[in-house]
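Going left to right, the sequence shown walks through residues 0 to 578 as numbering that gives the first Met the number 0 numbers them.
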Amino acid sequence: MNDSRKREGEPADGERPAASESKDFIRQMVDEDLRTGKYGGRVHTRFPPEPSGYLHIGHAKAFCIDFGIAEDYGGLYNLRFDDTNPCKESQEFVQAIERDIRWMGFDWEDRCYFASDYFEKLHAYAIQLIGMGKAYVCDLSQDEIREYRGTLTRPGRNSPYRDRSVDENLAIFERMRAGEFPDGSRTLRAKIDMASSNINMRDPVIYRVLHAEHHRTGNRWCIYPMYDFTHCLSDSIEGITHSLCSLEFEDNRPLYDWFLDQLGVHSPQQIEFARLNLSHTVLSKRILRRMVEEGYVSGWDDPRMPTLIGMRRRGYPHEAIRSFCDRIGVAKADSIVDFALLEFCVREHLNKSAPRVMAVLRPLRVVIENYPEDRVEDLDAINNPEDASTGTRKVPFSRVLYIERDDFMEDPPKKFYRLTPGREVRLRYAYFVKCVDVVKDEKTGEVVELRCTYDPATRGGDSPDGRKVKATLHWVSAEHSLPAEVRLYDTLFTKRNPLAVDDGKELTDYLNPDSVNVIETCRVEPGLGKVDPGARLQFERLGYFCLDSVDSGPGHLVFNRTVMLRDTWAKIKRTAKGT
Ligand code: ATP
Ligand code: MG
C-alpha cells in the first residue's frame, strides 16, 4: 500500500501522556471547596455550547471535563445551549449537539436548558443594574465604542452617554426593547471602569439591538444579551457550582464575578483549562464551518473532519475518544496534541473489539490450477484473536481467487517475501500455494493473472511436514466476494499547525490534496454483505474500516478506513533516526 504521508513537523518527543495518577488542578479545587463547604457540598457543572455548528473533539474535551468531574463527585451536570446569537444558530445544530453528546455516553437527564429561556429574567437583571446606576444606554456606534475603549497600553475614555440619569436609561432601554431603534444604533453597557487594565471591564456591552428571528423565541425580542452577561447569570440561575471553561475566558472572569456581585446572586466559581489543539487539523467552529460552506469537505460529517459526527462516521468508537480525553488530561497551558495519540486510542479500542475479515483493495486474479473447477470449501476463519468468545466464521475458498496486487512481484528486491514466480506462500486459513506461471496483457505487459498450484495437505494453513513459508497473504474467492468501494483517509491539512499561516499563504494552502483516496476496485468476503452501517472491522493486514452509514446502500458497500494497523508516524520517526 502506498501510505507515504506528506507531513511537516514531527510529533513532539514523549508525547504520550498517561492518565495522571494524581488529581488535576480542577479536582483539587473542587476537593478544597468540598472541604470548606463552599457550595454546601454540592458539585454541579454545565456544558454551554452555542448551537452554531457541530461539536468537534475540542468540545468533547470540554464536556468530558465538565461532566466527568460531576460524575466523579456524584454531582449533577446540565447541558445548556448558549443561544444568544440568533443569526448563526439553528435547531439543526441543537439536535446534532444533543445526539453527539449522547453518543459519547453522557446523560443530562432532564437538565437541558437554553439561555433563551432566561431572556425575561436577564432583562429584569439588566433593569436592576440600570436602577442601581450600574448600567447605561450608550448611543455610540460599534466603531466608536471600539475607539473609546482604548488599547492594552492606552486607557479608554468615558462614553458621552455614561452619565445619563437612571430614569432616562430606563426609558430608552424600554424603547430599545419595543423595537424603536435600528440595529446597532444603541447598546446597554455596564458602568464599570474605562481605565481598567482589563479591557473586558471597560464598560462592556450587555445588550444590543438586533432585529433578527430567534430559533426559539421567534420575533419576541429585538434586543439580545451579550455572552458575558448571559453566561454568568445562566450559571447562577441554574445553581452551578463550578463553571469550567477554556483558557481564553480567563480575562472574562472578573466580569463574570462583577455581574453576580452587583446583583447579589449565587456566584459559581469559574475555572479555566487549556483548549485542545490537535495537529494537522483545526478546532475552530468558524473555520470548520468555512470548510463545509466552501465545499472543501463534503459536510460536517465528512470523515476527515475533527467533528464528533465526522469521527463517528469514520469509525472512531466513542470509548476511544473518551480514552483520548482522559489521556490528554486537564492542563493549564496550551499545547498541540499529536493526531497520532488519537489514532493510538482508536487502534487500541478497535484491536480488542473489531472482528477480522478479509478484503482485497487492488485485486490480482489467481487461478489454482490443480483445484477442481466446481469445488467450494467453507474454511474456518478466526473472528478475533484478541477475543476468543467471538468464535469463527466460514469463508469460501475456490479455484479462482483474488489477492492484493502489491503482494506479488515478478522481479522482487531482496527483502520481498511475498509471492513471486516459483515461490510458495500461505493463504490465510486456507492452503500453501505456489506461483507457477504469470499471465500478462499482451499489449501493456501488465500482469493480469497468476497461475498457482496448491498443496491439499496444508488445509487450514499448516504444513504437515514442517515446511516453512515466509508470508501469509489475505485473499477472497473471486466468485463469492462482493465488490466494494473503499476510502482511505489522511489528515485534512499537511501542516502540523495550519493556523500558523506563513506570509503570503492562506490556510487553505495547507489543505492536504491527498486527504482522501477512493478505491473502487475492492472485493470483500461475502459475509460483509450482512453487516450494519457503522460496523467496524479489521481488514486483515490493511487496517480498521467502518461501513459508511451515509453512502452505502443495497448492493453498494462503501468502507471508510478508520485508521491504519500501525502507527506509520512512529515508523517514520524511527527511520528518520536510523534505527
Ligand atoms: P469556536 O471557537 O470553535 O467557534 P466555541 O468555543 O466558541 O468554538 P462553543 O459552542 O461556545 O464554541 O463552545 C462550548 C464550550 O466548549 C466553550 O465553553 C469552550 O470553552 C469549549 N471549547 C471549545 N473549543 C474547545 C477546545 N478546542 N478545547 C477545549 N474546550 C473547547
Ligand atoms: Mg463560544
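The beta-carbon is built from N, C-alpha and C at its ideal position, and this holds for glycine as well.
Source: prediction; values computed, not measured.
Annotated as proximal: glutamine 261 and lysine 133, with beta-carbon spacing under 7 Å. Secondary structure of aspartate 377 (DSSP, three-state): strand. Put simply, the backbone Cα of glycine 40 is about 45 Å away from that of leucine 491. When rounded, the separation of the alpha-carbon atoms in alanine 189 and valine 204 is 6 Å.
Between the region 414-433 and the region 331-338, the count of Cβ pairs shorter than 8 Å is below three; the stretches do not touch. Nearest to phenylalanine 228 by alpha-carbon distance, out of Ala123, Arg288, Pro553 and Arg326, is Ala123. Annotated three-state conformation of asparagine 559 is strand, per DSSP. DSSP, reduced to helix, strand and coil, places isoleucine 518 within a strand of the structure shown. With contact defined as three or more Cβ pairs closer than 8 Å, the region 174-182 and the region 72-84 are not in contact. Using a cutoff of 6 Å, the CB of glycine 554 does not count as near the ligand ATP, since none of the ligand's heavy atoms is closer than that.
From the listed residues Glu372, Asp301, Thr457 and Lys469, the smallest Cα separation to lysine 413 is found for Lys469. Here the alpha carbon of arginine 215 sits roughly 8 Å from the alpha carbon of glutamine 90.
Leucine 510 is bridged by DSSP to Phe492. Between the beta-carbon of glutamate 484 and that of valine 557 there is about 5 Å, and that keeps the pair under the 8 Å contact cut.
The closest CA to that of glycine 528, considering only Ser480, Glu505 and Phe538, is found on Ser480.
Around the beta carbon of valine 447, a 10 Å sphere encloses fewer than 16 other beta carbons of the protein chains shown; the residue is thus reported as exposed. With respect to the 7 Å criterion, isoleucine 308 and tryptophan 299 are classified as neighbours on the basis of their beta carbons.
Using a C-beta cut-off of 8 Å, the region 531-542 makes contact with the region 351-358, since at least three inter-stretch Cβ pairs fall below that distance. Under the DSSP assignment, glutamate 448 falls outside any alpha helix (DSSP H), being part of the beta strand (DSSP E) whose first and last residues are 446-453. In terms of Cα proximity to aspartate 547, the closest of Pro553, Gly554, Glu179 and Pro532 is Pro532. Residue pairing by DSSP places arginine 163 in no beta bridge whatsoever. Scanning Ile96, Gly183 and Val281 for the CA closest to the CA of arginine 207 turns up Gly183.
Listed in chain order, the alpha helix (DSSP H) runs fully inside the region 129-186 are 141-148 and 165-177, counting runs of at least 4 residues. Ranking Ile191, Glu247 and Asp166 by CA distance to the CA of glycine 130 puts Asp166 first. The criterion of a C-beta distance shorter than 7 Å is not satisfied by threonine 457 and asparagine 369.
Relative to the ligand ATP, the beta carbon of proline 48 is positioned inside 6 Å of a heavy atom. Contact between isoleucine 100 and proline 50 is absent: CB atoms are separated by about 12 Å, not below the 8 Å threshold. With contact defined as three or more Cβ pairs closer than 8 Å, the region 219-238 and the region 273-292 are not in contact. Residue burial annotation: cysteine 86 is exposed, with fewer than 16 other C-beta atoms found within 10 angstroms of its C-beta.
Look at glycine 309: its beta carbon is at least 6 Å from all of the heavy atoms in the ligand ATP. At the C-beta level, arginine 79 and tyrosine 112 come within 7 Å of one another.
For aspartate 436, the enclosing beta strand (DSSP E) begins and ends at 431-439. Taking C-beta atoms as the reference points, arginine 404 and leucine 363 count as a pair closer than 7 Å. In the DSSP assignment, no residue is bridged to valine 345. Considering only Asp461, Ser397 and Val394, the residue with the shortest C-alpha distance to valine 424 is Asp461.
Bounds of any beta strand (DSSP E) do not take in proline 463, whose DSSP letter is neither H nor E.
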